[in-house]
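Colleague: Chains as they are written, first to last, in numbering that gives the first Met the number 0: chain D, 0 to 258; chain P, 0 to 152; chain R, 0 to 778.
Cβ coordinates follow ideal geometry from the N, Cα and C atoms, glycine included.
Quantities reported herein were computed from a predicted structural model and do not represent experimental measurements.
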Amino acid sequence: MKAAAFDLVRPRTVADALAALADGARPLAGGQSLGPMLNFRLATPERLADIRTLAALRAHAETDDTITWGAAVTHAEVEDGRVPDPTGGTLRAIAGHIAYRAVRNRGTVGGSLAHADPAADWISALTALGGSVRIAGPEGEREEALTGWMSGAFATQLAEGELLLSVTIPRPRPGARLAYRKLCRKEGEFAMAIAAVLDDPARAIRRVVVGATDGAPIIAEGADAGPRAHAAIDAWPGEAWKARLLHVSLDRALGDIAA
Amino acid sequence: MTTLTVNGIETTLDVPPRTHLADALRETLGLTGTHLGCEHGVCGACTVELDGSPARACIAFAAACAGAVVRTIEGFEYDSVMAELRAAFTAHHALQCGYCTPGMLITARDIVLRIPGADEARVRRELAGNLCRCTGYQGIVDAILAVLAARRG
Amino acid sequence: MADGGSGKGVGARLPRKEDDRFLRGKGRFVADIRIPGMREVAFLRGPIAHARIGAITVPEAHRAAVFTASDLTDVAPIRAYSGLKGFRRSDQPVLATGKVRHVGEAVAMIVAATRAEAEDIAGLIDIAWEPLPALVDMAEARATTTRVHEEWPDNIVLETFVDDDLSDIAATAPIVIRRSLRTARQCMSPIEGRGVVAEWDGRLDQLVMWSSAQMPHITRSGLSECLGLDHGQIRVISPDVGGGFGYKGILLPEEVALGWLARRIGAPVRWIEDRFEQLSANANCREHAYELTAYADGEGTLLALDCEAMVDAGAYSSYPFSACLEAAQIASILPGPYRFGRYRCRTFSVATNKPPILPYRGVARTGVCYAIETVMDAIAEATGIDIETVRQRNLVRSEEMPYTNVTNKVFDSGDYPEALRRAAAALDIPTLRAQQASETGPVRTGVGLSIFCEQGAHGTAVYHGWGIPMVPGHEQAQARLTPDGVLELRIGAHSHGQGMETSLAQVAHTILGINPAAVRLVHGDTALTPYSTGTWGSRSAVMSGGAVAAACETLAKRIAAIGAHLLQAEAGSVRVEDGSVVAPGGASVTLREVAHTWYRAPQLLPRDVDPAGLDVTAGYKPLSDGGTFSYAAHACAVTVDTETGFVTLGRYVIAEDGGVCLNPMIVDGQVLGGTAQGIGTALYEEMPYDGEAQPLAASLADYLLPGAGEIPRIAIEHMETPSPLTRFGQKGIGESGAIGPPAAIANAVNDALRPLGARVDALPITPRRILEALARAGR
Ligand SMILES: Cc1cc2nc3c(=O)[nH]c(=O)nc-3n(C[C@H](O)[C@H](O)[C@H](O)COP(=O)(O)OP(=O)(O)OC[C@H]3O[C@@H](n4cnc5c(N)ncnc54)[C@H](O)[C@@H]3O)c2cc1C
Ligand code: FES
Ligand code: FES
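Okay, structure coming up:
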């Protein structure tokens with residue numbers, strides 16, 4: 000199938016991009032999710048604003064406490080270590096198992112967070128790390144914590160006309176660990192189950208995210224986050240065998256932390 | 000109008016924005032070595048080199064590639080790494096119908112250059128995004144491993 | 000067979016001649032063909048599985064671009080009737096007429112400047128649907144009053160029955176095994192889809208059609224029947240074809256439609272199937288259900304087999320193989336390579352609201368191998384005999400060859416027990432058993448075997464019995480020496496990955512000594528090649544190989560006669576070798592000189608020269624056309640993660656006997672590629688349908704094809720028992736690899752699950768099926 004007709008604009012600045020969005024355009028980043036949707040005519044926007052090369056979205060920055068990736072940083076850039084990884088390699092490894100290299104070369108972190116596929120990787124991993132996103136819109140800029148980001152499958156706090164600018168990830172302290180388990184049968188496939196667990200004793204943080212739940216992820220915090228996430232899976236309405244996979248991924252991630 | 004560089008030649012395309020890069024290459028420029036197998040990013044038949052790295056031509060839109068540098072299989076005619084891969088593909092019977100082959104070669108070349116130390120497991124993992132329905136992959140994997148080994152000396 | 004030491008003849012691992020163009024992106028597939036003025040076609044396909052078509056409303060502005068059944072009044076429906084007794088006839092309309100019977104059935108054909116614009120118009124067409132109950136499951140379709148074809152009394156396309164009263168055995172057999180097995184509906188999924196370019200040539204009064212087709216001559220015959228054109232008015236060209244596997248072995252409604260359209264609008268037209276069309280409208284193979292009862296004695300000898308099998312045949316009967324080939328094949332080949340004497344089998348081909356079934360690589364063999372090999376493991380389990388021994392006790396032995404089995408198949412040659420022994424030995428089962436004994440954790444090892452024989456290159460005797468529109472007879476080939484000494488071979492079969500440009504050049508080399516580089520294969524064009532039923536049924540190496548050999552032999556005689564005259568030698572005294580005619584004293588003339596003489600210097604020819612010249616058509620049929628039987632044993636180890644239900648393939652060994660290999664490298668390639676497909680059948684590939692018969696896997700992210708990471712390194716143990724029936728002793732082998740894996744892998748998975756009391760009785764073996772089986776077992 001071929002995409003329905005659309006216009007394409009290529010704004011040079013965030014302001015231009017916001018103007019285009021105000022004019023009804025939908026952001027096009029790497030196109031690795033939107034492209035297939037357009038080809039399937041599942042998405043039929045009248046106008047796209049190509050934001051993939053906007054300098055502001057391509058940047059990355061570090062402070063003592065955080066690192067920030069522009070929304071248009073690609074999965075491959077994370078994989079290759081071309082942008083800093085505050086976990087000392089776990090995010091690089093996660094990136095390396097998203098889709099395939101040819102997809103990772105184009106697909107962006109911001110696009111993944113904005114698209115909010117329940118089975119996508121960044122949503123779960125960066126939520127566990129306590130990440131937040133910076134958003135620009137007609138009313139100015141704001142920050143949203145990823146813990147409250149998804150309201151359902153493919154649904155986020157992002158409003159029409161808004162642009163995701165960057166994601167900021169707090170640096171885990173020394174001694175902290177991020178465990179990440181993605182269960183899928185084929186390399187590059189979307190996950191059947193995801194568990195991400197951050198254990199950061201110095202900050203007294205234990206956060207568990209269970210993804211690929213067909214909706215917003217299960218999030219639990221605190222010392223008993225593990226058992227509470229398990230309980231939430233028990234209450235999850237999906238099929239029993241899928242719930243079992245969620246439990247297994249969680250057990251394995253918790254096991255990685257304990258190891 | 001979109002201007003980009005295709006196989007070393009600056010090219011101006013007059014295609015509607017909805018035309019994906021693979022269709023622009025194939026239909027407008029006659030570069031039919033780039034194949035289409037799914038048009039949703041999974042099969043890898045359309046893989047081209049875009050700004051130096053492999054990318055899916057079926058889900059990149061030509062108009063969004065203004066200023067880009069594109070290399071299709073036809074653009075590797077005199078590339079030495081590709082020459083090694085071609086010879087290895089024949090020697091290891093890495094193709095049957097040949098439909099996946101151009102995309103497979105572009106991915107293979109990226110593996111050889113990006114991961115010179117790749118072992119069999121890594122090569123198989125890196126090939127995940129290129130489906131072949133004919134060969135069962137063994138010849139392809141062996142061909143790439145042979146080129147890697149030869150280059151390591 | 001030796002290749003004469005040249006490294007280029009039959010038996011040599013000659014690198015392929017066809018590779019170069021593909022490696023440079025210069026292959027020419029149907030979608031690569033552009034004709035000036037060409038228009039693009041999209042089909043509007045029914046979104047409902049079963050519905051009456053009410054008013055079709057086309058916006059005024061697009062009336063001229065849209066064609067429906069009411070426009071195709073001069074087109075006959077596709078008719079693939081079988082002569083088997085009781086076969087229920089149905090017609091497949093080229094565009095849906097009255098109602099649609101499966102999701103994706105074409106209702107309207109839209110022509111525009113680009114495919115995108117044609118799809119735009121398709122989106123503007125409104126159809127008043129009157130939904131009918133959809134038949135999604137074959138068992139349900141047997142019971143209901145809803146009809147896929149209203150004029151039928153029920154939904155049974157064909158029932159076959161091999162009867163035998165097994166009550167004596169049932170009463171006494173110490174071991175009785177019962178199994179209910181299911182295989183999934185699959186999509187064959189060549190990476191290139193189907194596609195058609197059609198043009199009406201006014202000068203020749205001829206339809207010229209390029210189609211991604213395995214059997215261009217059959218397509219031409221079908222087009223002739225549907226379009227009312229004589230064969231001379233139709234030329235079908237198969238360019239490079241990006242994989243077939245059976246998917247491109249039929250007459251497509253789209254081919255008929257475009258053939259009609261090109262003439263109607265007076266412009267070339269093109270339709271290229273996209274993956275969504277392929278998955279949603281054409282998941283069309285493999286779906287079987289088996290109810291098996293097997294009787295064995297305490298030594299593990301299979302005494303009798305009783306089977307009731309169902310095949311979901313979908314909504315129509317595809318041309319030329321018809322809707323009953325699959326089920327009828329089940330009845331005849333379920334006994335596999337085993338020698339038991341009592342057999343009862345009832346089969347039902349059932350119509351449902353799903354795409355019409357097509358024979359996919361291996362056809363019913365993949366399912367029946369899974370069925371009989373499941374029985375073998377069950378007997379092993381019941382008797383406590385190991386899985387290799389139980390099979391050895393039941394296999395046909397080499398000293399019994401040729402062997403006529405319980406369904407009157409004549410196995411031509413081979414040593415089945417040896418193949419099994421080799422595969423099992425290479426797997427090293429004792430070490431795996433020791434490993435299993437030490438396992439207590441969630442990851443369990445399993446060991447699986449399967450063995451089968453594959454009837455290939457079967458011809459008149461077999462197909463006449465089906466009574467379908469296509470009965471293969473003699474295969475023909477043409478051999479022509481050109482004025483500069485190049486050998487042109489013309490065959491009516493088609494190579495789309497099988498490497499025939501190379502292996503047939505090797506055949507020519509073996510007979511004429513000509514350098515394979517100087518041989519050109521002309522194929523895939525009905526205007527240039529002799530009639531052939533095409534490439535299917537593992538037949539081309541045997542049939543085209545035999546025909547090319549025959550043509551080259553006749554050509555060699557004519558060349559020798561001219562050469563002897565030029566050498567002033569006795570006609571009978573010269574030899575044709577190394578591309579020359581050689582006299583006893585060693586003097587020689589090259590084929591090029593001979594050819595030059597015939598075409599350019601006829602004054603030098605002998606008076607009694609054969610006036611037919613250096614252009615030969617020869618025909619070939621094996622000594623018996625009941626088929627060659629290649630065979631293979633597959634042995635594999637798996638690990639099952641019982642927490643996730645994920646299966647990882649370990650060591651995988653195949654002992655394969657395809658008779659004499661024209662080119663062993665190409666044969667290995669066929670086996671490896673087929674095995675990967677069989678692994679897909681075993682573990683990944685399934686088109687699920689919802690209760691309304693809606694296909695649920697719309698993309699390759701949902702319909703999983705195995706990638707490089709899912710396929711283990713496969714070791715092949717070669718055996719080479721010549722077939723006594725064929726020219727070089729070669730056997731059909733093209734489908735083999737796809738047959739054995741589901742059986743071997745399912746047995747291995749169930750072996751791993753056995754200590755936990757769980758068993759999976761359906762393909763593919765997905766995490767869901769494993770976890771649900773474990774849950775049923777209380778795990
Ligand atoms: C074959 C294949 C396999 C894949 N496998 C995986 C996988 O295993 N795991 C995984 O996580 N992902 C996977 N993906 C998805 C991939 O990671 C995508 O890159 C990602 O989901 C989207 O990023 P993108 O830049 O391509 O966004 P696009 O496709 O360009 O956009 C996606 C959506 O986000 C919106 N958007 C994009 N950027 C912004 C922005 N800055 N502000 C506001 N809205 C924005 C768009 O409007 C659109 O709605 C796969 C994709 C493919 C094709
Ligand atoms: S055609 Fe682009 S990935 Fe399949
Ligand atoms: S060679 Fe046919 S798909 Fe790879």
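Quick one: give me the first and last residue of the beta strand (DSSP E) that R/PHE42 is part of.
Modeller: It spans 38-44 - the beta strand (DSSP E) in which R/PHE42 sits, taken as one unbroken run.
Colleague: Hey, which residues come within less than 6 Å of ligand 2, measuring from Cβ to any heavy atom, in chain order?
Modeller: The answer, residue by residue, is P/LEU35, P/GLY36, P/CYS37, P/GLU38, P/GLY40, P/VAL41, P/CYS42, P/GLY43, P/ALA44, P/CYS45, P/ARG55 and P/CYS57.
Colleague: Who's in the neighbourhood of ligand 3, going by beta-carbon under 5 Å from any heavy atom, listed in chain order?
Modeller: Going along the chain, the residues that qualify are P/LEU94, P/GLN95, P/CYS96, P/TYR98, P/CYS99, P/CYS131, P/ARG132, P/CYS133, R/ILE190 and R/GLY242.
Colleague: What number of angstroms, rounded off, separates the C-alpha of D/ASP84 from the C-alpha of D/ARG91?
Modeller: Going by the C-alpha atoms only, they are around 7 Å apart.
Colleague: Buried or exposed for R/ILE126, going by 16 or more other Cβ atoms inside 10 Å?
Modeller: By the 10 Å Cβ count, R/ILE126 comes out buried.
Colleague: Skipping 5 residues on each side, what residues in its chain have a beta carbon closer than 8 Å to that of D/SER150?
Modeller: So the list reads GLN156 and ALA215, once near-sequence residues are dropped.
Colleague: Check whether the Cβ of D/GLU188 sits closer than 7 Å to any heavy atom of ligand 1, and report yes or no.
Modeller: For ligand 1, at least one heavy atom lies less than 7 Å from the Cβ of D/GLU188.
Colleague: Pick helix, strand or coil for R/GLU286, following the three-state DSSP scheme.
Modeller: The answer is coil: DSSP assigns R/GLU286 none of H, G, I, E or B.
Colleague: Check this for me: beta carbons of P/ALA87 and P/VAL146, under 8 Å apart or not?
Modeller: The answer is yes: Cβ separation under 8 Å.
Colleague: Kindly indicate which three-state DSSP category R/ASP70 falls into: helix, strand or coil?
Modeller: In the structure shown, R/ASP70 sits in coil (DSSP, three-state: anything other than H, G, I, E or B).
Colleague: Can you tell me the Cα-Cα spacing of R/GLU307 and R/GLN328, whole angstroms?
Modeller: Distance between the alpha carbons of R/GLU307 and R/GLN328 is about 13 Å.
Colleague: Rounded to a whole number of angstroms, what is the C-alpha to C-alpha distance between R/GLU821 and R/ILE450?
Modeller: Chain R is shown only over 0 to 778; residue 821 of chain R falls outside these bounds and no answer can be derived.
Colleague: Of all Cβ atoms in chain P, is any one closer than 8 Å to the Cβ of R/ILE738?
Modeller: Not closer than 8 Å to any Cβ of chain P, the Cβ of R/ILE738 fails to qualify, so no.
Colleague: List the endpoints of the continuous alpha helix (DSSP H) containing R/PHE645.
Modeller: Premise fails: R/PHE645 lies in the beta strand (DSSP E), 645-656, not in any alpha helix (DSSP H).
Colleague: Report the neighbours of D/LYS181 on chain R: residues whose CB is nearer than 9 Å to its CB, in chain order.
Modeller: The premise fails here: D/LYS181 is roughly 12 Å from chain R at the closest Cβ pair, so nothing lies under 9 Å.
Colleague: Cβ of D/PHE153 less than 8 Å from any chain R Cβ?
Modeller: Taking Cβ atoms only, chain R never reaches closer than 8 Å to D/PHE153, which makes this a no.
Colleague: Under the three-state reduction of DSSP, which class applies to R/TYR598: helix, strand or coil?
Modeller: Three-state DSSP puts R/TYR598 in a helix.
Colleague: Considering only the alpha carbon of each residue, which of P/ILE58, P/ILE114, P/GLY138 and P/THR10 lies closest to P/THR100?
Modeller: Taking only the C-alpha atoms, the option nearest P/THR100 is P/GLY138.
Colleague: Ligand 1 heavy atoms versus the CB of D/TRP121: any closer than 7 Å?
Modeller: Yes, Cβ of D/TRP121 sits closer than 7 Å to a heavy atom of ligand 1.
Colleague: Looking at the C-beta of P/ASP78, does it have a partner C-beta in chain D at a distance below 8 Å?
Modeller: So no, P/ASP78 is outside the interface.
Colleague: Rounded to the nearest angstrom, how far is the Cβ of R/HIS101 from that of R/ALA314, given a contact under 8 Å?
Modeller: Right, their Cβ atoms sit about 5 Å apart.
Colleague: Could you spell out where the alpha helix (DSSP H) holding R/GLN328 opens and where it closes?
Modeller: Start and end: 324-332.
Colleague: With 8 Å set as the bound, which would you pick, yes or no: does the beta-carbon of P/GLU26 sit closer than that to a beta-carbon of chain D?
Modeller: No, P/GLU26 does not count as interfacial toward chain D.
Colleague: In the structure shown, what three-state DSSP assignment does R/HIS230 receive?
Modeller: Three-state result, R/HIS230: helix.
Colleague: I'd like to confirm the pairing. Which residues does DSSP put opposite R/PRO130 in its beta bridges?
Modeller: Paired residues: R/ALA50.
Colleague: Taking C-alpha atoms, which residue in R/GLU17, R/PRO471 and R/LEU527 lies nearest to P/GLN95?
Modeller: The shortest Cα separation from P/GLN95 among R/GLU17, R/PRO471 and R/LEU527 belongs to R/GLU17.
Colleague: Which residues bound the alpha helix (DSSP H) around R/THR501?
Modeller: From DSSP, the alpha helix (DSSP H) with R/THR501 extends over 499-511.
Colleague: Runs of 4 residues minimum, wholly inside the segment 92-132 of chain P: which ones carry the alpha helix (DSSP H) assignment?
Modeller: 100-113 and 119-125, all fully within the segment 92-132 of chain P.
Colleague: Alpha carbons only, please: which of R/VAL588, R/GLY756, R/CYS452 and R/ARG193 is nearest the one belonging to R/ALA632?
Modeller: If we check each option's Cα against that of R/ALA632, R/CYS452 comes out closest.
Colleague: Would you list, in chain order, the members of the segment 107-139 of chain P that have their beta-carbon closer than 7 Å to a beta-carbon of chain D?
Modeller: Of all residues in the segment 107-139 of chain P, ASP109, ARG124, GLU125, ALA127 and GLY128 have a Cβ within less than 7 Å of some Cβ in chain D.
Colleague: For R/LEU278, tell me which candidate among R/ARG420, R/LEU604 and R/SER698 has the shortest Cα-Cα distance.
Modeller: Nearest option by C-alpha distance: R/SER698.
Colleague: So is R/GLN780 buried or exposed if we call it buried at 16+ other beta carbons inside 10 Å?
Modeller: Limits of chain R in this structure are 0 at one end and 778 at the other, which puts residue 780 of chain R out of reach.
Colleague: Does DSSP classify R/SER348 as helix, strand or coil?
Modeller: It is a strand residue.
Colleague: Using a threshold of 7 Å, is the CB atom of D/ASP116 nearer than that to any non-hydrogen atom of ligand 1?
Modeller: Yes, the beta carbon of D/ASP116 sits closer than 7 Å to at least one heavy atom of ligand 1.
Colleague: Select from the segment 18-32 of chain R all residues with a C-beta closer than 8 Å to any C-beta belonging to chain P, and list them in chain order.
Modeller: Listed by position, the residues of the segment 18-32 of chain R near chain P (Cβ gap below 8 Å) are ASP18, ASP19, ARG20, PHE21, LEU22, ARG23, GLY24, LYS25, GLY26, ARG27, PHE28, ALA30 and ASP31.
Colleague: Please work out which residues of its chain come closer than 8 Å, Cβ to Cβ, to R/PHE339, disregarding the five sequence neighbours upstream and downstream, and give them in chain order.
Modeller: Same-chain partners within the cutoff: THR300, LEU301, LEU302, ALA303, LEU304, ASN393 and VAL405.
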